[in-house]
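Novice: Quick note on numbering: the sequence shown equals residues 451 to 1331 in this note's numbering.
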Amino acid sequence: MKLEKITGIMERFGVTSRTLRYYEQVGILQSTRQSHEKYRYYDQENINRLQQILVLRKMQIPIKEIIRIYESRDMKVLVQTFVSRIQTINDEIATLSELKAIVNDFLEAMLDNGISHISALPLIYEKVEHQFGCNKKAEIPDLERLSKVSEKLVKLPELSIISLPPMRVLSSRLKGTESSDSGGLWDYMSSNQIPFGAPGSHHLFEYQQHTETIIIQKIDDNFQNTSIFEDYIFEGGLFAMCSVFVENGLGEIQYQMIHSFDDNAYYEVDFQHGGVLRHDTLVESVLSPDSGREKINLYLPVKKRLPDTSDIEQNQQLESVTFAEIEQANPVLKEYPVDFHQMTPIYNPHYQVLDNGEAEFICWISARMLNTNVAVKLPFRVDIVFMADSASEAYGYGADEGSLWFSHNNHTFCINAENSSESSLSKHAILFDQPIMGNRFIFPETGMIKYDEYNTFSWIIGEKHFSVVINGEVRYCGVNFPYMNMDLHLGQPAPIFIGSNGQGKKLFRSITISQLKSTPKINVKKGALVMEVKASNNRLPKIHPMVTPHYGENYWFNGCAGFVMECLGEPDYDYWFFAGLTGENFTQVYSHNHFRGDGVTDYRLSEKGNHGFIEDVFGKCGYASSFVPLKQILSNREMYVQTLMAYIDKGIPVILNDHGNNPHNRPGWGVLVGYEDYGKTLLYMGGDATEPDRIPVKDLLPEDYIMEGGHCKGWIFLGEKKKEMSLADIYRNRILSLPDLLTFESNHYCFGAKAFRDWADSIENGYFERMNPEEYDDWGMHKVYVCNLATNSGGCRGFLETAQKLNPDLIFIEQIMDLYRQTGQYWNDQNGEDLEALGGGFNANLNTLQDKEKRTTIAAKIREFAVCMDQVVALVNDFKH
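1. What's the C-alpha gap between VAL719 and GLN704?
2. Does DSSP put GLU429 in a helix, a strand or coil?
3. Would you mind sorting GLY1290 into buried or exposed? The rule is 16 or more other CB atoms within 10 Å of its CB.
4. With C-beta atoms as the reference, is VAL1121 less than 7 Å away from PRO1103?
5. Does the distance from the C-beta atom of ASN780 to that of LEU938 stay below 7 Å?
6. For the structure I just gave you, are there three or more beta carbon pairs, one from the stretch 1210-1229 and one from the stretch 985-1004, closer than 8 Å?
7. Who are GLY928's beta bridge partners in DSSP?
8. At which residue ranges does the stretch 1218-1279 contain complete beta strand (DSSP E) runs of 3 or more residues, listed in the order of the chain?
9. State buried or exposed for TYR1090, treating a residue as buried only when at least 16 other CB atoms are found within 10 Å of its CB.
10. CB-CB under 7 Å to TYR657, same chain, minus the five flanking residues each way: which ones, in chain order?
11. May I have the straight-line CA-CA distance separating TYR801 from GLU808, to the nearest angstrom?
12. In three-state terms, what does DSSP make of VAL1317?
13. GLU1219 to ASN1043, Cα distance in whole Å?
14. Hey, which unbroken runs of the beta strand (DSSP E) at 3 residues or more fall wholly within the stretch 792-874?
15. Rank ASN988, PRO995, CYS1071 by C-alpha distance to the C-alpha of GLU1020 and give the top, closest one.
16. Just list the residues that DSSP pairs LEU620 with in beta bridges.
17. Taking C-alpha atoms, which residue in LEU1094, PHE947, PRO885, ILE678 lies nearest to SER816?
18. At the level of alpha carbons, what is the spacing between PRO649 and SER735?
19. Would you kindly work out how many angstroms separate the C-alpha atoms of GLY1136 and ASN1008, rounded to a whole number?
20. Note down the Cα distance separating LEU1191 from PRO1258, rounded to an integer number of angstroms.
21. Below 8 Å, can you find three or more Cβ-Cβ pairs linking the stretch 1173-1182 to the stretch 1060-1076?
22. Let's test the definition: count the other Cβ atoms within 10 Å of the Cβ of SER461 and tell me whether it reaches 16, buried, or not, exposed.
23. Any idea what DSSP makes of ILE1166, helix, strand or coil?
24. Looking at the secondary structure, which residues open and close the beta strand (DSSP E) in which ASN1107 lies?
25. THR1335 and VAL835: beta carbons closer than 7 Å?
26. TYR682: which of ILE880, SER622, ASN806 sits nearest, CA to CA?
27. By a C-beta neighbour count over all protein chains shown, 10 Å radius and 16 as the cutoff for buried, is TYR797 buried or exposed?
28. So what does GLY1124 bridge to, in DSSP terms?
29. Tell me which residues share the same chain as LEU1285 and place their Cβ nearer than 6 Å to its Cβ, disregarding the 5 neighbours each side in the sequence.
30. Are GLY1039 and ASN1238 closer than 7 Å when you measure CB to CB?
31. Does DSSP put ALA690 in a helix, in a strand, or in coil?
32. Out of LYS754, ASP1138, LEU1031, TYR1025, state which residue places its alpha-carbon closest to the alpha-carbon of TYR1181.
33. By Cβ distance, which residues of its chain are closer than 6 Å to GLY686, with the 5 residues on each side in sequence left out?
34. How big is the Cα-Cα spacing for HIS1109 and TRP1119?
35. Measure the Cβ-Cβ separation of ILE1185 and ALA1253 and say whether it is below 7 Å.
36. Looking at the structure shown, is ALA1074 part of a helix, part of a strand, or coil, going by DSSP?
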């Protein structure tokens, strides 16, 4: 007879061991197990039957009907079952047809009676009755009929199994009564400012007990309950949960929930003695995606069926393994030395702590024990140093005289077990219950101890090994136990109890209980869920203004760069860092032809092909980056929007530079911090805005985009960190390179002292003299330079102070700070001789700049700023040389 192993059956038919075991338990399938084998086998007859069962189940024929088919062995029963199933399907079709007819009745009645809006639907009954009376042509749709059809079509929502934690609750049940006062509890909580549980928080539930509706609300453990309402500990546990709308038939759904577990191989409804549920079904309000319909969660108490382990090769014993190897494979996470003074005797054994610090223990009978008051969860380890007194053991209390055991979660672990006054019958065994499963193992002649001298034993109930070590000798070591394949890290801690049997005295020198490390069971293969679900919307969690102008944060790119670095966990790279690194806070700028922006970054990018400047800034921080020109983005909008969405999903914002050439008139630098509607709308943060603006992509990147000006516009994608950079070196290099920055000049613009002098020459030589008011752009032609010098006079101070702190040898930095402070005085603090007082600051107007005498005075003042910049350059060069 050809047999096939269960593992092959499971793989061929896609069924679990638990399902096959269930079919055997109900009597519709049969396997065989040979004496030398640990696996089940199936013959061809049962394989054929399994195929039949699987076909019937796919037809949604219940197990109880399948059992009836095989029990009767009558073809009529099979035919009746199929006929019954067909009838059920026909009933479902008829119900759907009936619903279709009702919907059609409503539609016809609406059209016949001029109902054109849903708000007028109730009028259909009044109108039809009034106009048609007994006219059968226009029958009124029957709401009662609709309700009955709807009930037939109710399907049980998908269930989830969750664990509710234990918690102290305040109940609406009145103390000492069976009555509930829900309204009274509501008023009590409100008047005493007890917060109500938020929807879906698992803090506020209701349930029905007999005819009473009872509300329970989580409260703090230290809450002083002086009310008329009961409080107690809600024990929590496993519950099956489904989400439904309140208008559905909750009683019917609860009924379906209960019966959905009839054929479940893994969980069952948690009924207690007498057929009552462990806890009445709980109801919790949750947030509804439909504002017009209230949604709730129903919680039905369930419990886990123990997994079938009959087909798992188990308790393989290792013969040649050392204690050191076992310890290495099952490392300790934390040790808990037991304080003998803190142990709690249970049922009055003899127990006392001696003057020498040891503990004396006589159990008398096994029910008397010691609670160590140390709780651990699987996997764990127990080490005990003890001595058994041979003179006191007289086998007066049963067969376990001389044993020593401990328990965890009602499972026993014992050495020197199964002994007897008849020495030939004594087994001196190691005895234990497998964790979780509870099946018992006994290994005779392995658990012997020495009397009247100290013994050491170590039980390691680990992920890799289950071992018992007595006096340094590995007496038992097993692997591949079923419990080792379970999610041990999800278990709950339980206390360790210690006991013995008989009148033999034990002396404990030390007891140590250790929590061993556990490995989470990863159910998803690496990368299995990557990009499987495409989010419709996402925004970065921590959004705030990019700059704070009243703090002098006036250069937007630096705020954007600092924000990106903040999202990457780089707190040292903030606004002030980048304002110094780019040179924005150090140098004056001046354009010889047209407005180029607010500072160094805008000037660098004002010439085609200069976007490498941005990549160099991030490179100095150790990061790769890509500046994608706007022209390139416009040529492939969809690809770059998808790339942006991927960055947002990784928590990384994208910087954009546009200077407002779009319908929303955005003024230059900003950050894209999110998206909506699958990327059709982007979220933009710029300046000191506190919330992002929503910009449709079709507006941000329109088909007819006009590429105006010479600015190098585009998006900046920050890449990986390629190199760890010394913060001190970054600051040092910036300070020592100030001469290059403050003396830079091109054909179109210049920086530093040259910028001040060219600006002054332009004013004094009559640039504004023949200009009409319509031609005058006060910001782009003058005030932007005033803002530049005003910002830099104090804005560079933070960078300079940090540079000096990180590089104490740069002793000239204090003098540089004094020079920039002096430019601040030239601007607005020089006793009536400063730039603002002369009318050349933010208060400048065209008339003043056209007045020959006034503009000469203004130009002279601006040249004083240039002198300060010359001195800064000289200080750095002197140090370098």
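We put the CB at the ideal spot given by N, CA and C, even for glycine.
Specialist: Let me spell this out:
1. On the sequence shown, position 269 is the one that residue 719 refers to. On the sequence shown, position 254 is the one that residue 704 refers to. C-alpha separation (whole angstroms): 12 Å.
2. In the structure displayed, the chain extends from 451 to 1331; residue 429 sits before or after that span and is not available.
3. As a working mapping, residue 1290 is identified with position 840 in the sequence shown. GLY1290 should be labelled buried.
4. Numbered from its first residue, the sequence shown carries residue 1121 at position 671. Numbered from its first residue, the sequence shown carries residue 1103 at position 653. Against a cut-off of 7 Å, the Cβ pair of PRO1103 and VAL1121 comes out as a contact.
5. By 1-based counting over the sequence shown, the position of residue 780 is 330. By 1-based counting over the sequence shown, the position of residue 938 is 488. No, the pair does not count as a contact, with Cβ atoms beyond the cut-off.
6. no
7. In the sequence shown, the residue the question calls residue 928 occupies position 478. GLN767, PHE916, per the DSSP bridge assignment.
8. none
9. Mapped onto the sequence shown, residue 1090 falls at position 640. With 16 or more other Cβ atoms within 10 Å, it is buried.
10. Position 207 of the sequence shown, counted from the start, is the residue given in the question as residue 657. Around TYR657: ILE664, ASP730, THR731, LEU732, VAL733.
11. To locate residue 801, count along the sequence shown from 1; it is residue 351. To locate residue 808, count along the sequence shown from 1; it is residue 358. In a straight line, the C-alpha of TYR801 is about 11 Å away from that of GLU808.
12. Here residue 1317 is taken as the residue at index 867 of the sequence shown, counted from 1. Helix, per DSSP.
13. As a working mapping, residue 1219 is identified with position 769 in the sequence shown. As a working mapping, residue 1043 is identified with position 593 in the sequence shown. Rounded to whole angstroms, GLU1219 to ASN1043 spans 17 Å at the Cα level.
14. 794-796, 800-803, 809-814, 819-826, 830-838, 854-858, 861-867
15. Residue numbering aside, residue 1020 sits at position 570 when the sequence shown is read from its first letter. Checked all of ASN988, PRO995, CYS1071; the closest Cα to GLU1020 is CYS1071.
16. Locating residue 620 in the sequence shown gives position 170, where the first residue counts as 1. Bridge partners of LEU620: GLN667, ASP681.
17. Here residue 816 is taken as the residue at index 366 of the sequence shown, counted from 1. The shortest Cα separation from SER816 among LEU1094, PHE947, PRO885, ILE678 belongs to PHE947.
18. Position 199 of the sequence shown, counted from the first residue, corresponds to residue 649. Position 285 of the sequence shown, counted from the first residue, corresponds to residue 735. Distance between the alpha carbons of PRO649 and SER735 is about 5 Å.
19. Working through the sequence shown from its first residue, we reach residue 1136 at position 686. Working through the sequence shown from its first residue, we reach residue 1008 at position 558. Computed Cα separation, rounded: 12 Å.
20. The residue given as residue 1191 occupies position 741 in the sequence shown. The residue given as residue 1258 occupies position 808 in the sequence shown. For LEU1191 and PRO1258, the distance between alpha carbons rounds to 23 Å.
21. yes
22. As a first step, residue 461 must be located in the sequence shown, where it is residue number 11. Reading off the sequence, residue 461 comes out as Glu, not Ser. Per the 10 Å Cβ criterion, exposed.
23. Numbered from its first residue, the sequence shown carries residue 1166 at position 716. ILE1166: strand per DSSP, three-state reduction.
24. Numbered from 1 along the sequence shown, position 657 holds the residue referred to as residue 1107. Unbroken beta strand (DSSP E) run through ASN1107: 1104-1107.
25. In the structure as shown, the chain starts at 451 and stops at 1331, and residue 1335 therefore has no counterpart that could be examined.
26. Numbered from 1 along the sequence shown, position 232 holds the residue referred to as residue 682. TYR682 has its Cα closest to that of SER622, out of ILE880, SER622, ASN806.
27. In the sequence shown, counting from the first residue as 1, residue 797 sits at position 347. So TYR797 counts as exposed.
28. Counting from 1 along the sequence shown, the entry for residue 1124 is found at position 674. Looking at the DSSP assignment, GLY1124 forms a beta bridge with ARG989, LEU1133.
29. By one-based count along the sequence shown, residue 1285 stands at place 835. Hits under 6 Å: TRP1277, GLY1291, LYS1311.
30. Walking along the sequence shown from the start, residue 1039 turns up at place 589. Walking along the sequence shown from the start, residue 1238 turns up at place 788. For clarity, residue 1039 is Val in the given sequence; the question names Gly instead. Contact flag set, yes.
31. In the sequence shown, residue 690 corresponds to position 240, counting from 1. ALA690: strand per DSSP, three-state reduction.
32. Against the sequence shown, residue 1181 aligns to sequence position 731. Nearest of LYS754, ASP1138, LEU1031, TYR1025 to TYR1181, Cα basis: LEU1031.
33. Residue numbering aside, residue 686 sits at position 236 when the sequence shown is read from its first letter. Excluding sequence neighbours, GLY686 sits near LEU614, PRO615, PRO616.
34. As a working note, residue 1109 is residue 659 in the sequence shown. As a working note, residue 1119 is residue 669 in the sequence shown. Confidence at HIS1109 is low in this model, with a pLDDT of 45, below 50, so the placement of that residue is unreliable and no value is reported for it.
35. To locate residue 1185, count along the sequence shown from 1; it is residue 735. To locate residue 1253, count along the sequence shown from 1; it is residue 803. Yes; because the gap between Cβ atoms is below 7 Å, this pair is in contact.
36. Counting from 1 along the sequence shown, the entry for residue 1074 is found at position 624. Three-state DSSP puts ALA1074 in a strand.
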